[in-house]
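Everything on this sheet refers to the single structure shown next.
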Amino acid sequence: MVAMLLTLLWAVCLLPSCLALPLPPEARDTSDLQWAKAQDYLKRFYLLDSERKDANSFKDKLKEMEKFFHLPITGKLNPRITAIMQKPRCGVPDVAEYSLFAEKPKWTSTVVTYRIVSYTPDLPQSRVDEIVAKALSLWSEEIPLSFRRIRFGTADIEIGFARGAHGDFHPFDGPGNVLAHAFPPGPGLGGDAHFDKDELWTDGSRLGINFLYVATHELGHSLGLSHSANPDAVMYPTYGNGDFRSFRLAWDDIEGIQELYGKKSNERKR
Ligand SMILES: [Zn+2]
Ligand SMILES: [Zn+2]
Numbered sequence: 372m373v374a375m376l377l378t379l380l381w382a383v384c385l386l387p388s389c390l391a392l393p394l395p396p397e398a399r400d401t402s403d404l405q406w407a408k409a410q411d412y413l414k415r416f417y418l419l420d421s422e423r424k425d426a427n428s429f430k431d432k433l434k435e436m437e438k439f440f441h442l443p444i445t446g447k448l449n450p451r452i453t454a455i456m457q458k459p460r461c462g463v464p465d466v467a468e469y470s471l472f473a474e475k476p477k478w479t480s481t482v483v484t485y486r487i488v489s490y491t492p493d494l495p496q497s498r499v500d501e502i503v504a505k506a507l508s509l510w511s512e513e514i515p516l517s518f519r520r521i522r523f524g525t526a527d528i529e530i531g532f533a534r535g536a537h538g539d540f541h542p543f544d545g546p547g548n549v550l551a552h553a554f555p556p557g558p559g560l561g562g563d564a565h566f567d568k569d570e571l572w573t574d575g576s577r578l579g580i581n582f583l584y585v586a587t588h589e590l591g592h593s594l595g596l597s598h599s600a601n602p603d604a605v606m607y608p609t610y611g612n613g614d615f616r617s618f619r620l621a622w623d624d625i626e627g628i629q630e631l632y633g634k635k636s637n638e639r640k641r
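Counting from 372, one number per residue, gives the positions in the sequence shown under the working numbering.
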């Protein structure tokens, strides 16, 4: 009997810490599942510290998210915030992970190499190559930086499709939700852009996730940009349902990238 109780106690202790947390008052109006989902979202994208056992931390992070998306600040789960939480999006957090570094990371060489290391079965490889080149050109048209594709060896920016766990401690989650993620400029994983192979990728000719749009967004991270709160910007964190056929960088994106690298015309004057 004692052994059974001990086993039971041990099993209870192994439950994920989120289940052991006291529910904040606002959760009384919301289903437990929705609250757990919101907690997971805030952990991933607003760096909610799951070690902190107080409800305030959850509320503060919810307020931080409401502020980012220009919603009225309530600190409570409400239909507007849960609607945003359900949208497909980029896996990079909306708040800076390493605020210790005052200097934003960027490439210091004027020629940055890239390599496409793996593909999606949804598009011909040549189409993926074209779209990646197009996405990079959208950025390089605005700044004194150029990209050179390499087919072997280590590139500054390595681009690939992967499903589930793929070796960087940021596993993908199957179709929907997180579509892709990328790392800021730096050695190793730095600059690399990963796309969830479980999404249905398209070049715009049929239904699916528009690869040019998402690639342009992720390569913005590869160049050192973080998320923009401007819904018109390609660096906005969620994936919209707009018309991507005539998509181009928004003024907000151009200002951001030129703040890091300067304007293209500066190079010509040198
Ligand atoms: Zn992103
Ligand atoms: Zn990854």
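Yeah, the Cβ is synthetic: ideal placement off N, Cα and C, and Gly gets one too.
These figures come from a predicted structure and were not determined experimentally.
- CA-CA distance, residue 460 to residue 430, rounds to 22 Å.
- In this structure, the C-beta of residue 543 approaches ligand 2 to less than 8 Å from one of its heavy atoms.
- Boundaries for residue 565: no alpha helix (DSSP H) harbours it, while the beta strand (DSSP E) harbouring it runs 564-567, taken from the DSSP string.
- Nearest in C-alpha terms to residue 462, of all of 550, 539 and 499, is 550.
- The straight-line gap separating the alpha-carbon atoms of residue 465 and residue 576 is approximately 30 Å.
- Look at residue 552 here: in three-state DSSP terms it is strand.
- Cα atoms of residue 591 and residue 570: separation of roughly 20 Å, rounded to the nearest angstrom.
- At a threshold of 8 Å, residue 533 counts as near ligand 2, since its beta carbon sits closer than that to one of the ligand's heavy atoms.
- Taking C-beta atoms as the reference points, residue 543 and residue 533 count as a pair closer than 9 Å.
- Beyond the five residues adjoining it in sequence on each side, residue 420 comes within less than 7 Å, by CB distance, of 428 in the same chain, given in chain order.
- Shown here for residue 547: same chain residues with a beta carbon closer than 7 Å to its own, the five before and five after excluded, namely 459 in chain order.
- Bridge partners of residue 533 according to DSSP: 567.
- For residue 519, the pairing in a beta bridge is given by DSSP as 484.
- Beyond the five residues adjoining it in sequence on each side, residue 451 comes within less than 7 Å, by CB distance, of 442 in the same chain, given in chain order.
- Taking the Cα positions, residue 628 is about 8 Å away from residue 513.
- DSSP places residue 499 in the uninterrupted alpha helix (DSSP H) bounded by 496-511.
- Near ligand 1, meaning a beta-carbon closer than 5 Å to one of its heavy atoms, we find 461 and 463.
- Bounds of any alpha helix (DSSP H) do not take in residue 616, whose DSSP letter is neither H nor E.
- For ligand 2, a non-hydrogen atom lies closer than 8 Å to the CB of residue 539.
- Taking C-beta atoms under 8 Å as the contact rule, residue 506 and residue 586 qualify, at a distance of about 4 Å.
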